[in-house]
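Here is the structure we will look at, set down as C-alpha cells.
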Amino acid sequence: MTENPLIRELLDPRMGPSDVLVEVDLRVANLLKRRCGVTDPLILDLVVLLVAAQRRGHSCLDLERVDEFLAGLIDESTAALTGGRAVNSRQIPSTEDLVTALRACEAVSIHTSWPSVTPTEESGGVPDAEKPAFDTDEEAPVEDTADETPPLAVHGKRLYSQRSHHDESTVAAGLRRLAGAVPAIQASIDDAGIERLLPAVDGDAMTDPQRLAIRTFLEGGLTVITGGPGTGKTFTIAHALAGLLMAAPTDRPPRIAVCAPTGKAAARTKESLVNACGPLSAELSERLIAIDPTTIHKLLRPRPNSRTRFRHDARHPLGVDVIVVDETSMVSLPLLARLVDAIPTGVRLLLVGDPDQLESIASGSVLRDVVMADRDASPLSGRVIRLTTNRRIESGAQIGDLAEAVRRGAADEVIGLLESDSPGITWIPTGHPPDRDEDVLAPILSGLSGVDWDLSDADDLEELARCLATAGNHQILCTNRHGPAGVSTWNELVENARGVRGGWYPGRKLLVTRNDNRIGLVNGDVGVVVRVPEGLRACFVIRGEPRLLKQAQLPHVETAFALTIHKSQGSEYSNVTAILPSLGSPLLRRELLYTAVTRASRSITLVGTDDAVRAAVEEQTVRMTGLTEALTHP
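According to this note's numbering, the sequence shown is numbered sequentially starting from 371.
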C-alpha cells in the first residue's frame, strides 16, 4: 500500500507553513506505531486525521465524511497549490473498507451498542440528604486507570479515541438515566399555582413555552431550555426554581447548585437571576438571590494541579437535589461527562443555552446533539423546550429578523434585510482593512470617541457606572485575533482614530484575560480606564458595584475596543459592529455570524462583502459526533 495514502497531499513540502496538520497529529500516529505495532499506513493516516479532527472540536472521525474532511483540510492549507479542489473520492477507500481495516487492527476495540448503565447508576446514588452540597473535604482515592484497553474505538462507522468514546457513552447513558428517573424530591403545582408564579400575558396560557418549561422541570429529572438571547431563559430558570421551592416539602428544602462553563458566564448568570427575581415574592427572591452560581470545575472540585480529575465522580457524587447548567452550548463533551458522572439518580438536571451559538472551543457539540435527539424517539423526547419570543431587542429594530434568517441559513433573506435599510441594521459592503477609507471608518468609530473620561470625584458611583455603560455601549466583534479582520488590527484602528497608541490612557477599554479571585475579576470581564484626582484608574464592576483599581492591582488585561466573537458569548451590547473576513476564510461560518448578530439589542453594523456574508450564512459547522445516535439508539 502507498505510504500515506490519505494525507500525502497535506505532507507535500510545497504546501508551506500550515497548522492544518501539526506535529502532535503525526506524533500520535508514530506512538501508535511504536507501542501497538500498527504498520498499516491507512490506519496510521486515519489516526492522524482523527487527532486533527479532535483539535477542531470533533469528538470522532466519521468514516463516511473522510473525503469531506480531507477536502476541507486541503482547502484550508493552500488554494495556490490545489486550486481549492476537493479530494477525489475515488482515491479514498469505501467506508466499508475503512471499517474492515480498522476492525482487523489490534489497537482498535469494536462497539456495536451504547451502554445503558453508568457507574453512578450502579452505585445506587440517590442524593443523601445529610451530605454537604459541594463543600466536602473528603479526599477520594486516586485510582490507577491504566489497563490494556485498546487506544482506539470503532462504533458503527465512526473512529474514536477510547477516551472520547467513553465520554460520549457516559453523557448519553447519564442523560437517559436522569430523564427516566423520578426526582427524589417530589413537587407538583396546579394551574392556579402556575398562574400565581407566571401570570399569563398573551395567547393561550397552557401553550406558553415558559409555563411548559416550568411544568417539565417540576415533573421530571431532566429538562432542556433553549432559545436565542433575550427570550427569557434565565427568567424561566428563576421561576422554575421558585416553583420548586413553593412545591417542595417544607421539611426537606431542595439543595440547588447553579453553574456555568466559565467564571464570566457564572457571574452573568448571577446578575440575570437577580434581575429575574423582581416579579417574585420577597421570600422567594431572597432564597434565589442567595444562590451563588459557580463554574462547573469548582462545583466538581478539581484535584490539585489538574483540570480533568475531580473529587466528585460516580463514587463520590454531588450532594445536591437540583443542578442548573447555564450557557450549555459552551460546555465541552469531556466536562459534561465528568458532571453527569457525578450526578446521582433522583437529581433534577436543567440544561440551558442556545444551540445555534458557537460550540465549546473544546470537543463536542453537546447541546445541539441533545436538541437533535429530542426530535427523534428517545428518552429525551418532550423534555426540550424552545423559547422563541425575543424580549430584549428594542421595539422597531429588526435584529431579531436578521438573526432568525441567519439561523435558518436563508442567505437571500439576510441580504435583503441588509439592503433594505431596516431599523437597527447597517451594512458596509467592503473588504479589509478599510484604514484608508474615512467613509467606512467614520460611522464605525463615531460611537467610540468624544467621551469625557475625567471624573472629579472617585467616589461618585453614578459617574463610574456611566463610564462603564458608555464603554459597553458599542462593541466591535471580529472572527479572529490577528489579520486584516482581526482584533489586533481593529484595536489599532480605534487607537489611531483617537490619537493614542497603546499604553495607559483615559478611555482605554480593557479585557481581563486571567481570573483573579483575590480581587474578584474573572477572565472576560470588561472595564475602562478613567482619570480621577488621584490619577489614572481602571474601572470594573466587581460584585455588583463599580470599583477603581490601580494598574498594578490588575491581572493581565488587553485592549478591548474589539473582541473576538468567542469572547463575546453570553454578553449583550446596545450596538455591535461585526467584522467579517474576506471570502475564502474558514472562519466564515453561520454560528459565528449568528452569535455576533445576537449580541446586539439596539443596532448591528455588518462589515463584509456580499460574497463573504453569503458564505457565512450558508456554511454551517456540523461537528462529527455520535451523541445524538447514542441518545436515540442505545
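We put the beta carbon where it would ideally sit given N, CA and C, even for glycine.
Tell me whether the beta-carbon of residue i lies closer than 7 Å to the beta-carbon of residue j.
i      : j      : result
ALA477 : LEU522 : yes
VAL692 : ILE769 : no
LEU669 : ALA612 : no
LEU881 : VAL896 : yes
ARG756 : GLY597 : yes
LEU728 : THR965 : yes
LEU582 : ALA608 : no
ILE559 : LEU588 : yes
ALA551 : THR409 : no
SER483 : PRO520 : no
ASP726 : THR639 : no
ASP537 : ALA712 : no
PRO599 : THR979 : no
ALA835 : PRO903 : no
VAL987 : VAL710 : no
GLY345 : ASN400 : Outside the shown range of the chain, which is 371 to 1004, sits residue 345, and nothing can be said about it.
ARG753 : ALA549 : yes
PHE931 : ILE798 : no
What are the start and end residues of the alpha helix (DSSP H) that includes residue i?
i      : result
HIS609 : 603-617
GLY786 : 781-789
LYS634 : 633-646
VAL870 : Per DSSP, VAL870 belongs to no alpha helix (DSSP H) and is neither H nor E.
THR465 : 465-473
GLN424 : 411-425
ILE564 : 561-567
GLY770 : 769-778
VAL741 : 736-744
Alpha carbon to alpha carbon, how far is residue j from residue i? Give it in angstroms, no decimals.
i       : j      : result
LEU1001 : PRO925 : 42 Å
ALA985  : ARG959 : 7 Å
PRO619  : ALA557 : 8 Å
PRO497  : VAL899 : The predicted position of PRO497 is uncertain, since its pLDDT is 47 and thus under 50; no value can be drawn from it.
HIS936  : ASP621 : 44 Å
LEU440  : LEU419 : 8 Å
THR947  : SER651 : 40 Å
VAL421  : SER792 : 45 Å
LEU451  : GLU961 : The predicted model places LEU451 with a pLDDT of 45, which falls under 50 and marks its position as unreliable; any figure quoted below should be read in that light. In a straight line, the C-alpha of LEU451 is about 29 Å away from that of GLU961.
ARG528  : ILE912 : 46 Å
ASN458  : ASP437 : Because the pLDDT of ASN458 is 48, which lies under 50, any placement of that residue in the model is unreliable, and the number read from its coordinates should be weighed accordingly. Each residue's alpha carbon lies about 8 Å from the other.
GLY894  : ASN645 : 21 Å
VAL392  : ARG851 : 20 Å
ARG547  : SER486 : 8 Å
SER955  : THR929 : 25 Å
GLU999  : VAL541 : 12 Å
ASP683  : LEU545 : 15 Å
MET994  : GLN424 : 9 Å
PRO463  : PRO375 : 10 Å
ASP744  : ASP432 : 22 Å
THR759  : ARG888 : 40 Å
GLU862  : GLU656 : 46 Å
LEU811  : GLN990 : 30 Å
LEU953  : ALA982 : 5 Å
VAL977  : HIS844 : 15 Å
GLU373  : VAL394 : 19 Å
ALA922  : ALA543 : 49 Å
VAL594  : LEU720 : 6 Å
My guess is that residue i and residue j are in contact by the Cβ rule of under 8 Å, so how many angstroms apart are they, rounded?
i      : j      : result
SER733 : SER429 : 5 Å
PRO663 : VAL628 : 4 Å
ASP724 : SER702 : Not confirmed; about 16 Å, so no contact.
ILE666 : PRO631 : 6 Å
THR796 : LEU950 : Incorrect: roughly 14 Å between the Cβ atoms, too far for contact.
VAL469 : VAL417 : Incorrect: roughly 15 Å between the Cβ atoms, too far for contact.
Would you mind reading off the limits of the beta strand (DSSP E) that contains residue i?
i       : result
THR796  : 795-798
VAL977  : 970-977
LEU881  : 879-882
SER1005 : With the chain represented from 371 up to 1004, any question about residue 1005 goes unanswered, as that position is not in the structure.
THR991  : Premise fails: THR991 is in no beta strand (DSSP E) and is neither H nor E.
CYS848  : 844-848
ARG528  : 528-531
LEU757  : 754-757
CYS430  : Unbroken run through CYS430: none, as it is neither H nor E.
ILE912  : 905-912
ILE377  : Segment: none, ILE377 is in no beta strand (DSSP E) and carries neither H nor E.
Completely contained alpha helix (DSSP H) runs for the segment 914-957, where each covers 4 or more residues: 935-938
Complete alpha helix (DSSP H) runs within the segment 642-712 (minimum length 4 residues, chain order): 652-659, 666-670 and 703-711
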